[in-house]
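Undergrad: Submitted below is the structure of interest, expressed as structure tokens.
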Amino acid sequence: MNEKNNFDIVRFSLAFIVMLVHAAEVTRSADIRFLSQFLNSDFAVRGFFAISGFLIAKSYLRSKSLTSYFIKRAQRILPAYIFVIVLCFVIGMCLTTLPLMDFLKNKETIKYLIANFSFLNFIQPSLPGVFTSNPNQPMDGSLWTIKAELTLYVLLPFIVPLMKKSPLKVWSIIFVISCAWFFYFTSLYTGPKADTLAKQFVSLSSFFFFGSLLAIHQPTFDRLKEITIVSLVVFLLFKNTQYSFIIEPIAFSSVVILFCTNLCKEVKISQYGDLSYGMYLYHWPIIQVLQHFGLFATNAFIGLGLTIVITLALAYTSWNVLESRFLKRAHHKQPSIAPPTNIARD
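Here's what the structure looks like:
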């Protein structure tokens, strides 16, 4: 496995795809609808989970203790997450149609803060009187994946030791459970929020832990190119059928990790910081604010351009002022519990 890698640029690209697709879907602008037709945000999100599974497994194996592992994860996730919740709350105070005191005392406002700080964004995704004229009202619809990510972080210390003993068997069990979950909620379940339930951490676990498998099991990683080619061929054959979800965890995960590790020459962007997490968190409220002020209605391409510029600026500032400062505390040298492979930042 090469020390040079493309994790930064691939994560940046996946976050950029999510931002472009959401710009089209959140605003429902006909002028930029093509973005959601030609780009696939589901692929991008699942690619993120595969990369996380790979990198977080490496991080766990380098950690001197379970406590240090969880501290590192908290220091990576929480600062920017807390900031975006506060940012959305401030936006709500500024843009609500309610009198300020009514907004602050409203049960939905309190519910929003409690639910979102608890990672239960689905309970109260919107604030009262905010974005009521926009096609979509959630303050930040991207946050739903964070609870899934955190759940998998908690599961990983229990899965990795098992995977080190029986890597293919353990991942196969996860794969079967994941596919069964997705199939049930997309084909058999007739209750509410079927699509939302289908995409929860259980279905995403097969992507996450396939990344972990590649990080832990060298024979599988050594055959990554062959796995990628075969799985992509199978995926293309079944792409337009109801069975494509079965091959997606292998095809999507392998192609993303292949691009990250050894497919092409390193594209170095680390001098600007690790912007992908900030881009992912901040783009949605920026889109909503620009939509609120009519930028997308006036000219969707100007709205899109401003979304990109403001999101990148905020992500850059967030990394350099907030996120990196917490990571510096976590990334002091530690004795590792397994031989380290310095492929990317945690």
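Its first residue numbered 1, the sequence shown is counted upward by one per residue in UniProt numbering. Just so it is clear, CB atoms sit at the ideal spot from N, CA and C, and this is done for glycine as well.
When you compare the CB positions of residue 247 and residue 224, do they come within less than 8 Å of one another, or not?
TA: Taking 8 Å as the Cβ cut-off, residue 247 and residue 224 do not qualify as a contacting pair.
Undergrad: Buried or exposed for residue 301, going by 16 or more other Cβ atoms inside 10 Å?
TA: It is exposed - the Cβ of residue 301 has fewer than 16 other Cβ atoms within 10 Å.
Undergrad: Using only CA atoms, which one of 221, 147 and 306 lies nearest to residue 74?
TA: Comparing Cα-Cα distances from residue 74 to each of 221, 147 and 306, the minimum goes to 147.
Undergrad: At the level of alpha carbons, what is the spacing between residue 332 and residue 242?
TA: Its pLDDT being 48, under 50, residue 332 is placed unreliably in this model, and the coordinates cannot settle the point.
Undergrad: Once you ignore the five residues that flank residue 52 on each side, which residues in its own chain have a CB closer than 7 Å to its CB?
TA: Result list for residue 52: 149, 208 and 211, in chain order.
Undergrad: I'd like the list of long-range same chain contacts for residue 171, defined as Cβ closer than 7 Å, with 5 residues on each side in sequence excluded.
TA: Here the set comprises 163, 209, 210 and 213.
Undergrad: As a quick exercise: from 285, 31 and 11, pick the residue whose alpha carbon is nearest that of residue 81.
TA: Cα-wise, what sits closest to residue 81 is 285.
Undergrad: Residue 116 lies in the alpha helix (DSSP H); which residues open and close that run?
TA: Residue 116 -> alpha helix (DSSP H) spans 107–117.
Undergrad: Out of curiosity, what's the CA-to-CA distance linking residue 60 and residue 143?
TA: C-alpha separation (whole angstroms): 24 Å.
Undergrad: Pull up the distance between the alpha-carbon of residue 336 and that of residue 216, whole angstroms please.
TA: Reliability fails at residue 336, whose pLDDT of 40 lies under 50, so the model's placement of it is uncertain and the value that follows must be treated cautiously. Approximately 15 Å between the Cα atoms of the pair.
Undergrad: Confirm, please, whether the CB-CB distance from residue 44 to residue 36 is below 8 Å.
TA: No, these two residues do not count as a Cβ contact at 8 Å.
Undergrad: I believe residue 131 touches residue 137 by the beta-carbon criterion, under 8 Å. Please report the beta-carbon distance rounded to the nearest angstrom.
TA: Going by Cβ atoms, the distance from residue 131 to residue 137 rounds to 5 Å, so yes, they are a contact pair.
Undergrad: Using the beta-carbon count (16 or more within 10 Å), is residue 189 buried or exposed?
TA: Exposed: under 16 other Cβ atoms inside 10 Å.
Undergrad: Are the Cβ atoms of residue 252 and residue 50 separated by less than 8 Å?
TA: It is a contact, given that the beta carbons lie within the stated cut-off.
Undergrad: Short of 7 Å in beta carbon distance, which residues of its chain neighbour residue 4, apart from the five on each side in sequence? Order them along the chain.
TA: Closer than 7 Å at the Cβ level, and outside the excluded window around residue 4, lie 266.
Undergrad: To which residues of the same chain is residue 280 closer than 7 Å at the C-beta, ignoring the five residues directly before and after it?
TA: Cβ neighbours of residue 280 beyond the five flanking positions: 15, 18 and 142.
Undergrad: Would you mind stating whether residue 283 and residue 134 have Cβ atoms separated by less than 8 Å?
TA: Their beta carbons are not under 8 Å apart, which means residue 283 does not touch residue 134 by this criterion.
Undergrad: Decide if residue 94 is buried, meaning its Cβ has at least 16 other Cβ atoms within 10 Å, or exposed.
TA: Burial call: exposed.
Undergrad: I'd like to know whether the C-beta atoms of residue 303 and residue 290 end up nearer to each other than 8 Å.
TA: Result yes, Cβ atoms of residue 303 and residue 290 sit closer than 8 Å.
Undergrad: Here's the rule: buried if 16 or more other CB atoms are within 10 angstroms of the residue's CB, otherwise exposed. What is residue 79?
TA: Per the 10 Å Cβ criterion, buried.
Undergrad: Which same chain residues, not among the five before or five after residue 20, have their C-beta less than 7 Å away from its C-beta?
TA: Within the same chain, residue 20 has close Cβ partners 35 and 39.
Undergrad: Leaving out five residues on either side along the sequence, give the residues of the same chain with a beta carbon under 8 Å from the beta carbon of residue 54.
TA: Excluding residues within five positions, the ones whose Cβ falls inside 8 Å are 211, 212, 214, 215, 257 and 260.
Undergrad: Locate the alpha helix (DSSP H) running through residue 15, then write down its first and last residues.
TA: Taken as a continuous stretch (DSSP letters only), the alpha helix (DSSP H) holding residue 15 covers 7–27.
Undergrad: Quick one: which unbroken alpha helix (DSSP H) runs of 4-plus residues sit fully inside the segment 161–239? Chain order, please.
TA: Whole alpha helix (DSSP H) segments, 4+ residues: 167–183, 194–198, 201–216, 218–222 and 224–238.
Undergrad: Would residue 270 pass as a contact of residue 8 if the rule is Cβ separation under 8 Å?
TA: A contact, by the Cβ cut-off of 8 Å.
Undergrad: So, is residue 185 buried or exposed, given that buried needs 16 or more other C-beta atoms within 10 angstroms?
TA: Residue 185 is buried by the Cβ-count criterion.
Undergrad: Under a Cβ-count criterion, where at least 16 other Cβ atoms within 10 Å of its own Cβ denotes burial, should residue 255 be classed as buried or exposed?
TA: Counting Cβ neighbours within 10 Å, residue 255 comes out buried, since at least 16 surround it.
Undergrad: CB of residue 82 to nearest heavy atom of the ligand FAD: below 7 Å?
TA: Ligands are entirely absent from the displayed structure, and the ligand FAD is therefore not among its contents.
Undergrad: Can the beta-carbon of residue 276 be found less than 8 Å from the beta-carbon of residue 76?
TA: No, the Cβ-Cβ distance between residue 276 and residue 76 is not below 8 Å.
Undergrad: Short of 7 Å in beta carbon distance, which residues of its chain neighbour residue 315, apart from the five on each side in sequence? Order them along the chain.
TA: So the list reads 275, 278, 279 and 282, once near-sequence residues are dropped.
Undergrad: Quick one: grab the DSSP three-state call for residue 92.
TA: Here residue 92 sits in helix by DSSP.
Undergrad: How many Å lie between residue 109 and residue 145 at the Cα?
TA: Cα-Cα distance, rounded: 22 Å.
Undergrad: Which residue comes first and which comes last in the alpha helix (DSSP H) that contains residue 124?
TA: No alpha helix (DSSP H) contains residue 124, which DSSP labels as neither H nor E.
Undergrad: What residue from 126, 48 and 295 has the CA that sits closest to residue 31's CA?
TA: Measuring from the Cα of residue 31, the nearest candidate turns out to be 295.
Undergrad: Compare the Cα-Cα distances from residue 26 to each of 324, 317 and 307 and report the closest residue.
TA: For the residues 324, 317 and 307, the minimum Cα distance to residue 26 belongs to 307.
Undergrad: Which whole-angstrom value describes the C-beta separation of residue 204 and residue 46, a residue pair presumed to lie in contact below a C-beta threshold of 8 Å?
TA: Contact holds; Cβ gap of about 7 Å.
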